[in-house]
Amino acid sequence: MKISVEKLVANRANAQKSSGPQTRAGKLRSARNALKHGLGARSSNPSQNPPLLDHFPELKSYQQELTALGYPDAQSQEIIEALLTARQVIDAKHNAYTDRLNEERLGDMTPEAVASFVREMEDPLSTVTPMERARVVALLFKLVQKDNDLPGLLFEKFEAHRKLIRYE
Amino acid sequence: MADHKEINLPQSASYSNLPEYKDHGYQILNSYDSPEGVLGELVRHMADAMWWVKTYQKDKDHLIVMKMAMLIKSRSDLGMDAEEKALRFFDCLINAWSGKVLDPDDQAFLDSAIRSKGHNIASLRADAIRRSIKELEVIDRLIDRQFKNMRLLM
């Protein structure tokens, strides 16, 4: 079931009223909102990323294996780092390859239907000029088209992976 | 050595928890006698690259068929059932393309939809490919990248 334009606009309007997180925990959480995969922010030294290495304890044991095979410490560190990066890339790729929820999409509408919806939503006391209204209609219709371009929605996933190629 | 070695991928990667993905990983690991340690890690990375080649290829076909469906839809009037029609057309095409026998209703729906736009199935596919050439290039690049990864890991 797709969301109606009314609901979407109301959601976005309500979101505008938010004054953001109030608690310290909330602020810390929201500070990571824009973080997509963190691949670009990684330090070059894996020992400076202990929490990440803690997620993959087996990688630490690989270091012993490499040392036993005769790799110098620096080289085995490099290999571990490469394996860590590769795991993060795999993780990011899997996370990026998800479909958008139908609930987040707008229904298919003609430009006339969008225009009539915008007129209905207008405050009678507002002083919106026809030019301003036309801009809003054009913007909304663009969203409607984007949300109903099924091949485009499918391609979004490929596009997300294309952006990750440079980390592979 | 154990027949099944657990693939310790990150927990946040929900897609990688799919049973088919795990089975695919086990199969590849087993085909290499279930190596452990660094070697096992490299084999798992190779299995992941193979998984993506298959996924990209499948979704590339889906993209073309979806485009074919939308070409039919875009020329008809917008209505409440426009997407439903496009999706039914997509299902029929995917089934026809994979060699399944369509039931008479679906076959008639497919034939009339294609004919009504002055196409046959080959010309519709050609049109869809022509219109998606940029997207297909990106997908081919992604597939090529995975083959490169595999070559580097071998």
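As they're listed, the protein sequences go chains A and B. Position one of the first sequence corresponds to residue -9 (our numbering), numbered consecutively onward. Position one of the second sequence corresponds to residue 93 (our numbering), numbered consecutively onward. All residues carry an ideal CB built from backbone N, CA and C; glycine is no exception. This structure is a prediction, so every number in the text was calculated from the model and none was measured.
{"query": "9 Å is my cut-off, CB to CB: does Leu73 (chain A) come that close to chain B?", "result": "yes"}
{"query": "Determine the closest residue to Trp144 (chain B) out of A:Glu55, A:Lys132, A:His84, A:Glu71, with distance taken between C-alpha atoms.", "result": "A:His84"}
{"query": "Closest by CA to Phe239 (chain B), which one among B:Phe181, B:Glu229, B:Ala141?", "result": "B:Ala141"}
{"query": "Relative to the C-alpha of Lys114 (chain B), which residue among B:Arg136, B:Asn212, B:Asp151, B:Phe201 is closest?", "result": "B:Arg136"}
{"query": "Give a yes or no on whether the C-beta atoms belonging to Phe201 (chain B) and Phe182 (chain B) are separated by under 9 Å.", "result": "no"}
{"query": "Taking just the CA atoms, how far does Leu245 (chain B) sit from Ser126 (chain B)?", "result": "16 Å"}
{"query": "Using a Cβ-Cβ distance cut-off of 9 Å, determine whether Arg167 (chain B) contacts chain A.", "result": "At Arg167 (chain B), the pLDDT of 49 sits below 50, so the modelled position is not reliable; the number obtained from the coordinates is stated separately. False, the Cβ-Cβ gap to chain A never drops below 9 Å."}
{"query": "With Ile155 (chain A) and Arg237 (chain B) assumed to form a contact (beta carbons below 8 Å), what rounded beta-carbon distance in angstroms separates them?", "result": "6 Å"}
{"query": "Can you grab the Cα-Cα spacing for the pair Leu228 (chain B) / Arg222 (chain B), in whole Å?", "result": "10 Å"}
{"query": "Consider the Cβ of His137 (chain B): report whether some Cβ of chain A lies at a distance smaller than 9 Å.", "result": "yes"}
{"query": "For the alpha helix (DSSP H) that Asp232 (chain B) lies in, which residues bound it at each end?", "result": "225 to 245"}
{"query": "By the 10 Å Cβ neighbour count, where 16 or more other Cβ atoms means buried, how is Thr117 (chain A) classified, buried or exposed?", "result": "exposed"}
{"query": "What alpha helix (DSSP H) runs, 4 residues minimum, are completely inside the stretch 138 to 195 of chain B?", "result": "174 to 189"}
{"query": "Short of 8 Å Cβ to Cβ, which residues in the stretch 117 to 147 of chain A face chain B?", "result": "Asn138, Asp139, Leu140, Pro141, Leu144, Phe145, Lys147"}
{"query": "Only counting the same chain, and skipping five residues up and downstream in sequence, which positions put a Cβ closer than 7 Å to that of Cys248 (chain B)?", "result": "The requested residue 248 (chain B) is not part of the displayed model; chain B covers only 93 to 246."}
{"query": "In angstroms with no decimal places, state the Cα-to-Cα distance between Met121 (chain A) and Ser208 (chain B).", "result": "39 Å"}
{"query": "For the alpha helix (DSSP H) that Ser51 (chain A) lies in, which residues bound it at each end?", "result": "47 to 58"}
{"query": "Around the C-beta of Pro111 (chain B), are 16 or more other C-beta atoms found within 10 angstroms, so that it is buried, or is it exposed?", "result": "exposed"}
{"query": "If you count every other CB in all the chains shown that lies within 10 Å of the CB of Thr119 (chain A), and 16 or more means buried, which is it?", "result": "exposed"}
{"query": "Using a Cβ-Cβ cutoff of 8 Å, what residues of the stretch 52 to 76 of chain A are near chain B? List them in chain order.", "result": "Tyr52, Glu55, Leu56, Ile69, Leu73, Ala76"}
{"query": "My assumption, with CB atoms under 8 Å, is that Leu140 (chain A) sits in contact with Ala178 (chain B). Please give the rounded CB distance.", "result": "7 Å"}
{"query": "Under three-state DSSP, which class holds Lys209 (chain B)?", "result": "coil"}
{"query": "So, does the CB of Leu202 (chain B) fall closer than 9 Å to a CB anywhere in chain A?", "result": "no"}
{"query": "Per DSSP, what kind of secondary structure is Asp139 (chain A) in: helix, strand or coil?", "result": "coil"}
{"query": "So, helix, strand or coil for Glu71 (chain A), using DSSP?", "result": "helix"}
{"query": "Rounded to whole angstroms, how far is the Cβ of Ile231 (chain B) from the Cβ of Tyr148 (chain B), which I believe are closer than 8 Å?", "result": "6 Å"}
{"query": "Does the distance from the C-beta atom of Arg243 (chain B) to that of Met160 (chain B) stay below 9 Å?", "result": "no"}
{"query": "Applying a beta-carbon distance threshold of less than 8 Å, which residues of chain A neighbour Met158 (chain B)?", "result": "Leu140, Pro141, Leu144"}
{"query": "Closer than 8 Å by beta-carbon distance: list the chain A residues that pair up with Val130 (chain B), in chain order.", "result": "Tyr52, Glu55, Leu56, Ile69, Leu73"}
{"query": "Can you grab the Cα-Cα spacing for the pair Asn109 (chain B) / Gly117 (chain B), in whole Å?", "result": "11 Å"}
{"query": "Rounded to a whole number of angstroms, what is the C-alpha to C-alpha distance between Leu134 (chain B) and Leu59 (chain A)?", "result": "16 Å"}
{"query": "With a cut-off of 8 Å on the beta carbons, I'd call Asp137 (chain A) and Leu96 (chain A) a contact; round off their distance for me.", "result": "4 Å"}
{"query": "Answer yes or no: does any C-beta atom of chain A fall closer than 9 Å to that of Arg222 (chain B)?", "result": "no"}
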